[in-house]
Each structure stands twice: as C-alpha cells, then as structure tokens.
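Worksheet for the structure shown next.
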Amino acid sequence: MNYIYEQITKKDGITLRGVVNTPDNFDALKKYPTVIMYHGFGGDRNGSTWMRSQNARYLTDRGYVVVRFDFSGTNESDGDFYDMTVSREVEEAVMIYDFTRLREYVDRNRIYLVGHSLGGVISTLIADKVKPKAMVLLAPASDMNNLDYIKVAATSYFDNSQTSEDTDLLTVIKKVHEMDDVDIGGAKLSKNFLIDFIKKDIYGQASKYQGNVLIIRGTDDELVFNDANVKLNESYPHSIYEQIEGADHSFKNYDHRIIMFDKMYKFLEEN
Numbered sequence: 001m002n003y004i005y006e007q008i009t010k011k012d013g014i015t016l017r018g019v020v021n022t023p024d025n026f027d028a029l030k031k032y033p034t035v036i037m038y039h040g041f042g043g044d045r046n047g048s049t050w051m052r053s054q055n056a057r058y059l060t061d062r063g064y065v066v067v068r069f070d071f072s073g074t075n076e077s078d079g080d081f082y083d084m085t086v087s088r089e090v091e092e093a094v095m096i097y098d099f100t101r102l103r104e105y106v107d108r109n110r111i112y113l114v115g116h117s118l119g120g121v122i123s124t125l126i127a128d129k130v131k132p133k134a135m136v137l138l139a140p141a142s143d144m145n146n147l148d149y150i151k152v153a154a155t156s157y158f159d160n161s162q163t164s165e166d167t168d169l170l171t172v173i174k175k176v177h178e179m180d181d182v183d184i185g186g187a188k189l190s191k192n193f194l195i196d197f198i199k200k201d202i203y204g205q206a207s208k209y210q211g212n213v214l215i216i217r218g219t220d221d222e223l224v225f226n227d228a229n230v231k232l233n234e235s236y237p238h239s240i241y242e243q244i245e246g247a248d249h250s251f252k253n254y255d256h257r258i259i260m261f262d263k264m265y266k267f268l269e270e271n
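Numbering (the UniProt record's numbering), first residue to last: 1 to 271.
Structure below.
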C-alpha cells in the first residue's frame, strides 16, 4: 500500500491533512474505484487500534484507492476540537469529496463513502448532495441527537437538573444552552456541538438518498443502540442492515474486523 500525503486548505485558513492510499501496483494513468473514509467523534483517520489503516490496506490490496482525512481539530489537521460541530464536519466532508472527485486516477462513477460512528452520520447528511455510488456505515451514531440521548447528556452535566420521560424537547434544549463546556477525555468541547446537532434531521436526510447502503453494527456495541440503526436502515430507500455477533463499537477484535472488511468489500464489488 502506498501513501500520498495531501492537504486541503479551507477559506478560513484551516488546513485539513490526510492520506491517499493506493495499491502497490498503482498506475496514475488508470481509473480506480475509490473509498472515502470519515472518522467518528474524537477519532482520526487511522482509527482505534488502526482500524481505518487496516481497512485501507485490505481494500488497496484488492484494487481500491482509499482517501482518509482528519477533520479539523483532530490529529494532524489544524483547528481546535473545542470548535467542532456537525455542521463544520459536514462542510469538510463535502470538501474532501470534491477533492477526491478531481483526482485524475479516481473513477468518478465509483466513489464510495465509509463512515464510522459520527462519520456515519456525516455520510448520511451529505449523501443526497454529493451522491456517492454507495455507502457503508459502521455503527452510525444516528441516535446521538434524539430526545432521549439529549436528556441523558443534559442530566449528566447538571448537578441539579432532572429530566424524565415527560420532559419536553424545548426544556431539554434550554438545559443544553445552559451547559458549561464539556471535557471529553482531556479535550474541551463547546456546548455548541450539541446545540448544532439537535437541528439535524438524520433520518429525513437518509430518506432522500437513492443509492445502496450497507449498515454494519456489532451486537456488543454499547455506544450505538440496535434500535437506532434499525430505524436508520428503514429510513434509507435501499439499505441492508447486518450485525456481527460479539463485535463492539470499534470492532476491536481481529476476527470481527476481517468479517467486517469482507462484508464491506463484497458490498462494494456488487455496487
């Protein structure tokens, strides 16, 4: 697998840094099916225990080009994680797609999105606009902005706040606006992340995309629940939902990863 390091500079001067992986026998005069990988919340282009690096190698060994960038505020890209919002990542994801589409060696008729966790949400939100050939969503975090999740988040960050099943959305949104900034594993995140996320109609956007979708989730995923992925699967007009027995959110088991990589590859080949 070859590494071509690339940069994309935004209008605000922030530079996104990433890598294009190509097959060992890469010929720049040929056209290749291409996968763009979008990482999840607090992640990076390499993935937990290098999942995306391994995935890229698996695909390049089979003739694909793989594009992996860090969203701003993460890993090697410029910017501050504090300012991260879904809207910002949607904007950057479109830029990464446009960057990829303009590479001479990319087959524009076979550009695929692979999004993990929040990256699966980002893929969903841009799909109708950029119209990839097909998408693979790995444990897409489609429940992160529903009312129940927001209630938990609001309660978690208020010593004196109480929510219940009867708490209405406006009350919860008000609590979110009153939140302090949140410490996420040593990195500060603005409450604007959640305020912005509340406004996204994930399932509505899914219903607009006419391409084929494969959703893969591990049965032992404790971060993204089965019901949310079932609902997302039902929202897409053309979607398949598969679970891998015993796999966790980041597929941190070698056998589970190989199963996931294989399911992904077969789906891409069929689409």
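Using N, Cα and C, we set each Cβ at its ideal position, and we do this for glycine too.
Note that the structure is predicted; figures quoted are calculated from it, not measured.
Item: Can you have a look at I36 and say buried or exposed, based on whether 16 or more other CB atoms are within 10 angstroms of its CB?; Value: buried
Item: Find the nearest neighbour of A127 within the set Y97, P33, K191, Y254, judged by alpha-carbon distance.; Value: Y97
Item: Expressed to the nearest angstrom, what Euclidean distance is found between the alpha-carbon atoms of D220 and G246?; Value: 5 Å
Item: Going by alpha carbons, who is nearest to H238 out of K133, A187, L138, K266?; Value: K133
Item: Please name the residue or residues paired with R17 in a DSSP beta bridge.; Value: Q7
Item: I'd like the span of the alpha helix (DSSP H) that includes L228, first residue to last.; Value: Per the sequence presented here, residue 228 reads as Ala, with Leu not at that position. Segment 226-235, the alpha helix (DSSP H) holding A228.
Item: Check for me: the alpha helix (DSSP H) holding residue 273 runs from which residue to which?; Value: Any property of residue 273 remains undetermined from this structure, which presents the chain solely from 1 to 271.
Item: Which residues does DSSP pair with R217 in a beta bridge?; Value: Q243
Item: Please report the Cβ distance between S123 and Y38, rounded to the nearest whole angstrom; I am assuming they are in contact, meaning their Cβ atoms lie under 8 Å.; Value: 6 Å
Item: Can at least three beta-carbon pairs, one atom from the region 207-219 and one from the region 192-199, be found at a separation below 8 Å?; Value: no
Item: Under the DSSP definition of a beta bridge, which residues are partnered with Y112?; Value: V35, A134
Item: Nearest by alpha-carbon distance to I4: which of A56, V90, E92, I244 is it?; Value: A56
Item: Around the C-beta of I258, are 16 or more other C-beta atoms found within 10 angstroms, so that it is buried, or is it exposed?; Value: exposed
Item: How far does the alpha helix (DSSP H) with R68 in it reach, from first residue to last?; Value: Unbroken run through R68 is the beta strand (DSSP E), 65-69; no alpha helix (DSSP H).
Item: Quick check: what's the CA-CA separation for G186 versus N75?; Value: 14 Å
Item: My output table needs one value for T22: the three-state DSSP class, helix, strand or coil.; Value: strand
Item: Go ahead and label Y254 buried or exposed: buried means 16 or more other beta carbons lie within 10 angstroms of its beta carbon, across all protein chains shown.; Value: exposed
Item: Between the Cα of A141 and the Cα atoms of G40, N46, I111, T85, which residue gives the shortest distance?; Value: G40
Item: For the structure I just gave you, are there three or more beta carbon pairs, one from the region 44-55 and one from the region 85-104, closer than 8 Å?; Value: no
Item: Taking the alpha helix (DSSP H) that G204 belongs to, which residues open and close that run?; Value: 202-206
Item: Under the DSSP definition of a beta bridge, which residues are partnered with V106?; Value: Y32
Item: Nearest to N271 by alpha carbon, out of Q210, I244, G79?; Value: Q210
Item: Looking at the secondary structure, which residues open and close the alpha helix (DSSP H) in which R52 lies?; Value: 51-60
Item: Between A228 and the rest of its own chain, which residues show a CB-CB distance below 6 Å, the 5 nearest in sequence each way excluded?; Value: S142, D143
Item: Any idea which residues DSSP pairs N2 with across the strands?; Value: T22
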